[in-house]
Each structure stands twice: as structure tokens, then as C-alpha cells.
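Participant:
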Amino acid sequence: MDLISGASINRAEDDDIESNKESEKSLTDGTTESSRGSSVSSFRRIIPQVIATTVQSLLLLALGMMVACPTVIIAALHRPKSELPINDSQASWFAGILLICQPVGSILSGILQEWCGRKKCMLFVNIPQIVGWYLIYRAESVDSLLVAASLLGMSVGFMEAPTLSYVGEIAQPHLRGTLASFTSTYVSAGFFVMYLLGTVATWRMTALMSCTVPVISFLCIMMIPDSPIWLLNKGRKLEAEKSLCWLRGWVTPQEIEREFSSMIRYCEDSKKAYNLQKATNNTPYTLVSSSPDVITSESRLNRFFRDLIRPEIMRPLRLVVSYFFFYHCSSLSGFRPYMVNTFTELNMPINPHYMTIISAICQLTGGFCCMALVHKTGKRVLSLVSMSACVLACFSIGAYILLHKYQYVHQPWIPTILFICLFFCTNLGVSPIPWTLLAEVFPTRGRGIGGGLSAACYYIEFFLVSKTFLQLQSVLALYGVCFFYGGLGVVGIIYLYFCLPETEGKRLDEVEKFFKSNNERNSTY
Numbered sequence: 001m002d003l004i005s006g007a008s009i010n011r012a013e014d015d016d017i018e019s020n021k022e023s024e025k026s027l028t029d030g031t032t033e034s035s036r037g038s039s040v041s042s043f044r045r046i047i048p049q050v051i052a053t054t055v056q057s058l059l060l061l062a063l064g065m066m067v068a069c070p071t072v073i074i075a076a077l078h079r080p081k082s083e084l085p086i087n088d089s090q091a092s093w094f095a096g097i098l099l100i101c102q103p104v105g106s107i108l109s110g111i112l113q114e115w116c117g118r119k120k121c122m123l124f125v126n127i128p129q130i131v132g133w134y135l136i137y138r139a140e141s142v143d144s145l146l147v148a149a150s151l152l153g154m155s156v157g158f159m160e161a162p163t164l165s166y167v168g169e170i171a172q173p174h175l176r177g178t179l180a181s182f183t184s185t186y187v188s189a190g191f192f193v194m195y196l197l198g199t200v201a202t203w204r205m206t207a208l209m210s211c212t213v214p215v216i217s218f219l220c221i222m223m224i225p226d227s228p229i230w231l232l233n234k235g236r237k238l239e240a241e242k243s244l245c246w247l248r249g250w251v252t253p254q255e256i257e258r259e260f261s262s263m264i265r266y267c268e269d270s271k272k273a274y275n276l277q278k279a280t281n282n283t284p285y286t287l288v289s290s291s292p293d294v295i296t297s298e299s300r301l302n303r304f305f306r307d308l309i310r311p312e313i314m315r316p317l318r319l320v321v322s323y324f325f326f327y328h329c330s331s332l333s334g335f336r337p338y339m340v341n342t343f344t345e346l347n348m349p350i351n352p353h354y355m356t357i358i359s360a361i362c363q364l365t366g367g368f369c370c371m372a373l374v375h376k377t378g379k380r381v382l383s384l385v386s387m388s389a390c391v392l393a394c395f396s397i398g399a400y401i402l403l404h405k406y407q408y409v410h411q412p413w414i415p416t417i418l419f420i421c422l423f424f425c426t427n428l429g430v431s432p433i434p435w436t437l438l439a440e441v442f443p444t445r446g447r448g449i450g451g452g453l454s455a456a457c458y459y460i461e462f463f464l465v466s467k468t469f470l471q472l473q474s475v476l477a478l479y480g481v482c483f484f485y486g487g488l489g490v491v492g493i494i495y496l497y498f499c500l501p502e503t504e505g506k507r508l509d510e511v512e513k514f515f516k517s518n519n520e521r522n523s524t525y
């Protein structure tokens, strides 16, 4: 690209950014000035965004239930006289296969959501969930359980990228962090529901009752609009305008005229940049996907890999994947499928099944605190505080188990309190924030790819730590595992301190510029 052409594109982007600033300032103030001089209250503007976020979050409720499912099933079947006995190897595979099948759904979702949209993906993913839960209900062999877990795992992967992309694209900048944190509480709520059902009902009835969640989710998602950004990228301008009117308080087109015009200019400038860079045989570093007449001239597979190597995708991908890894270490997520057995082994004063419910309540409480604090403290500070607290809890749990082993101390309430602190601090920051970043750090063109791959890596890492937990415990003992993961958590604190930018309250174009190049990074922040 020659300097004159590059400068013209930069000027166009700068003009668009200035227009966005004016538009978003009025949105943040709570009113939108139309050409007719009318205004929309802040409350009316927020309500439809909350409704849409709540509806799509039903998928995340189902996600939490699916991820928590192995804890309930393993606790019921991993014993000699159970209805369908499973050994250590089968238990670890049942816990792991749901996680290792997730990347298949994530990658498929990352590709398909750019083609058929966020809403259709969120509708489709309910079908394999229903089938998976019913297979567990009717299971007569371990193989049936593994097939069902595979379906649930692919469902988990398929739903994450479109739900997070959807929130990032429909929410106003000053609401995005809060709404994204709000969605993460539904995952914790899913854990709570699953653990509660596992305590009061048999594992078969728990699976059958879980079928109702995707049915309700399907019906509710049909009533919300698709992402206006995605609709514009597909050339469906009228539908995009109707969607934005719905999301900004069921207003008339005149009342969202400035914001909608800004979206259109943003897409048009991105298309110009794409065409110019394509003509000069450069990698198309566009902000959003180009129009259908452009993208049909190149194969989807080539565009997939070409988008993937863009720095504004690779850099946030590296950040989010690393964040996920250090989250798994500092939060001891590998022991979650074996919680009941671990709590029994530690002779805790509370019934192990009740402890799973308490753990879910602590996660919910931490999620609500995160939602309340993230806009005030920012994601960076909250991440560092949360991970530091988790690491401290890891070392403390390990120290207690070691001292207890050599009979220096025997206070069952100590590990109970430490685990409660660990569950709370995990959801205070390090659990929900990286998922929030998925809706912010990737550009619109590539958000599906980046989000899908990030979610896939999350579950590959989750699979590795859960599949190897029993083996690590046999080699290092439980206290050694706590010390090992606590040490990796210390590395995570250092990494986040130097590499995690503050994205709270930033516009998506500002966040994107941060990851484009080192020069733009210095000028943006």
C-alpha cells in the first residue's frame, strides 16, 4: 500500500472515529438527539439491551449445567455399588471428553457465525443439547454416557463465540463490561442449578430436567433481533436499522440516525481498505467483513487463515489463551469434576454434596461483585487482585493439607473456608473477565474466528488439567498439586501485569488499534 492511499484510509477512519465519539458521548449521557429534537431516556435505552443479554444468557445457564454435569455423574457412578459403575479411567474420560469435544464446536461456530449470523447459531445449538441430555437419561452403558458427553461438549463450544460476540456488538460501550460480566453469572447459576438438582434428584432425573433449559432458550432467542453489525456486513441495511431501533429502546429510525450512520461509514471505510489492500496484494487487515460481492471471490478457507494471521487477531488471541491457562492453574479448575471425592477425602464438616452447592453460591456471589466493580476498577486491576487472591488460597490449601498429613493441625473448617475463598475469588475476576475480553479485543471481522479458537483453547486446557489431575495427585499428592498450580499462578500474575491492557470503557475501534501494531499501541493508550 502506498503512503498516499494509506493516509486517505487513515483520515477516513479518523473521521469515523470522531463521529463515533460524538455519538457514543450522547449515548453515555443517556439521550439521543434526533433530527426532530426528540430524546430517549437512559432507562428505556438500557432495558432492551438487558433483555437481549438476559435471553441469550440462557445459553450460558445451560453451559454451566453441562460443564458441571461430570461432577454430579461421577459422584453418583464412581463407586462399586452404583447403578452403572465406572472406574478411575472411565471417570477421567467422562470428565475430559466433554471438554476435548468442545473445540470441534468452537471452530465450527467460529466459521459458521460469520456466514449465518449470531442469532441462527444461538438457535441451532439448542438441538444437540436436548439430544445429549436425553441420551444421559436413557444411558445403559458407559459408551452411551461418552457419546452424550461428546454432544454436550460440542454444544458448549458452539454456543460460546456467538453469545459473546452478540453481547459485544449490541451493547453500548459504557454498558459492555457490565453486561458481559452479567452474562458470566449465568454460567455460575448453571453450576448452582446442576449441583442442586444432583443433590435432590437422581442423576437420570437431573439429566431429564436439564432438557427443559434448551427448549426455553430456543423459544426466547427467536424473539430478539440479530446483531446490527453483522446485518450491515451482509448488506442487509434495513434489517440492521430495525435491529438497532429495537436495541436502543424500540425507537424510530430518526432517533438512532447518528449512530446508524456511523456504523455504515465504519463498514464502508473497512470495505475500501479491504479492496485497496487486496489490489496491492497485501493481507486484508480490515476491521469488519466485506460485502458479499467481495468475499465470494476468494475461498472461505483462505479467508479463514488469512484473517487468523492478522496481528489484530493473533495478539489478542495470544493474550486470551494465556489468560485462560493461568486461570485454570490459579483456580484449581482441574479438581472440579472430582470435588465430591476430594471434599470427602479432606473430612470436611459439611456434606460434600452441599459443599458443591455452596461452591456455586460463592461463584455466583463473586460474579455479581465482579459485575458491580468492573466498571469502577477496570478489568486489569480486578484481574490482578483476583488472581493474587486465588494463588494465595492455592498455597494455603496446600500448606494445610501438608500440615494435616503430618498431624501438625486438624481443623476441618480451615480447608472449608479456604475453598470458599477460592471459589469466590475465582469468579471475582479471573473466571469472567477473559470471557468478557472475547467480546472486546477481536475486530468484528475475525471476532467469530478469534472467539471460537479462544474458547477451543480454554477447553483443551481444561481437558488437560482435569484429565491429568488424578495422575498428578498420585505423583505429587494433593498438597503438591496445589503448590504446583499456585506457582504457575504466580507466573500468571506477572504475565497479566505486563501484558493485559485496560479495555473497560474503551470503544471497540480503540481496543482494536491497541493490538494492530506497537506504534499504534503507544499512540492509543
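In UniProt numbering, the protein residues as written are 1 to 525.
Here a beta-carbon is modelled for each residue, glycine too, at the ideal position from N, C-alpha and C.
1. Any idea if residue 205 is buried or exposed, counting beta-carbon neighbours within 10 angstroms, 16 or more meaning buried?
2. Would you report the Cα separation of residue 328 and residue 239, rounded to the nearest angstrom?
3. Between 463, 440, 479, 488, which lies nearest to residue 510 when the distance is taken from Cα to Cα?
4. For residue 326, which of 262, 495, 188 has the nearest alpha-carbon?
5. For the alpha helix (DSSP H) that residue 311 lies in, which residues bound it at each end?
6. So, for residue 208: in the same chain, excluding its five sequence neighbours on each side, which residues have a beta-carbon less than 6 Å away from its beta-carbon?
7. If you run the structure through DSSP and keep just helix, strand and coil, what is residue 439?
8. Output yes or no for whether 8 Å exceeds the beta carbon distance between residue 232 and residue 264.
9. Put residue 117 into one of helix, strand or coil per three-state DSSP.
10. Restricting to Cα atoms, I'd like to know which of 118, 195, 420, 346 is closest to residue 225.
11. What residue does the alpha helix (DSSP H) around residue 79 start on, and which one ends it?
12. At which residue ranges does the segment 160-207 contain complete alpha helix (DSSP H) runs of 4 or more residues, listed in the order of the chain?
13. From residue 110 to residue 456, what distance separates their C-alpha atoms?
14. Could you give the DSSP three-state label for residue 252: helix, strand or coil?
15. So, at 8 Å on beta carbons, what are the nonlocal neighbours of residue 418 in its own chain, with the 5 sequence-adjacent residues on each side left out?
16. Near residue 414, what residues of its chain come up, given a Cβ to Cβ distance below 6 Å and the 5 sequence neighbours on each side ignored?
17. Can you name, in chain order, every residue of its own chain whose Cβ lies under 6 Å from the Cβ of residue 389, other than the five neighbours on each side?
18. To the nearest whole angstrom, what separates the beta carbons of residue 379 and residue 177, a pair I think is in contact under 8 Å?
19. Leaving out the 5 sequence neighbours to the left and right, which residues in its chain are closer than 6 Å to residue 100 when beta-carbon positions are compared?
20. According to DSSP, is residue 353 helix, strand or coil?
21. Let me check you understand the geometry: is the CB of residue 453 closer than 7 Å to at least one non-hydrogen atom of the ligand MG?
22. So is residue 114 buried or exposed if we call it buried at 16+ other beta carbons inside 10 Å?
23. Are at least three pairs of beta-carbons, each pair with one atom in the segment 144-153 and one in the segment 89-105, less than 8 Å apart?
24. In chain order, what residues of the same chain have a beta carbon less than 6 Å from the beta carbon of residue 30, not counting five sequence neighbours either side?
25. If you run the structure through DSSP and keep just helix, strand and coil, what is residue 348?
26. Going by the CB atoms, is the gap between residue 324 and residue 501 shorter than 8 Å?
27. To test your reading of the DSSP string, which unbroken alpha helix (DSSP H) runs of 4 or more residues are found completely within the segment 451-499?
28. How would you write the range of the alpha helix (DSSP H) that residue 380 sits in, first residue to last?
29. Relative to the alpha-carbon of residue 405, which residue among 346, 381, 507, 124 has its alpha-carbon at the smallest distance?
30. Excluding five sequence neighbours on each side, which residues of the same chain lie with their C-beta closer than 6 Å to the C-beta of residue 171?
31. Tell whether a beta-carbon distance below 8 Å holds between residue 60 and residue 186.
Facilitator: On the basis of the coordinates in this document:
1. exposed
2. 41 Å
3. 440
4. 495
5. 311-330
6. 137
7. coil
8. yes
9. coil
10. 118
11. From DSSP, residue 79 is part of no alpha helix (DSSP H); its letter is neither H nor E.
12. 173-200
13. 10 Å
14. coil
15. 393, 396, 397, 400
16. 400
17. 425
18. 7 Å
19. 463
20. helix
21. In the structure on display, the ligand MG does not appear, and there are no ligands present to speak of.
22. buried
23. yes
24. Interpretation of residue 30 is limited by its pLDDT of 41, a score under 50 that renders its predicted location unreliable; the figure taken from the coordinates is listed afterwards. Within the same chain, residue 30 has close Cβ partners 42.
25. coil
26. no
27. 469-499
28. 379-405
29. 346
30. 49, 179
31. yes
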